[in-house]
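In our numbering, the protein residues as written are 1323 to 1430. Presented below is the structure to which this report refers.
Next comes the structure, spelled out in structure tokens:
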């Protein structure tokens, strides 16, 4: 690890079981897990240029609410004070689905 590592994912925060399995089969680099408190599933897609259209198609076909999505930016850093560039893929994705951004910053 240099100074920091940045991972960006698009998340569907409240999927039912059928939507979760459909996501896994229709969108590359996707996964899901059962939410530990709510009776739903959280679907995650590693954000890349090649999957933006697939994410958008799934979002539209499944009629997912805008409030039930986010772009999750996870930063793992070796130093506790750091400036990190957010990848431009985030801006591109926001042009398709203008959802909230969620950040996680972890110092190792």
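Glycine is no exception: its CB is placed at the ideal position from the N, C-alpha and C atoms.
- Look at residue 1368 here: in three-state DSSP terms it is strand.
- Annotation: residue 1362 to residue 1398 spans about 28 angstroms, alpha carbon to alpha carbon.
- By the C-beta density criterion, residue 1335 is buried, having at least 16 other C-beta atoms within 10 angstroms.
- When DSSP reads this structure, residue 1334 sits in a beta bridge with 1365 and 1391.
- Beta-bridge annotation (DSSP): residue 1356 is paired with 1363.
- In the assembly as shown, residue 1377 is a buried residue. Its beta-carbon has 16 or more other beta-carbons within 10 Å.
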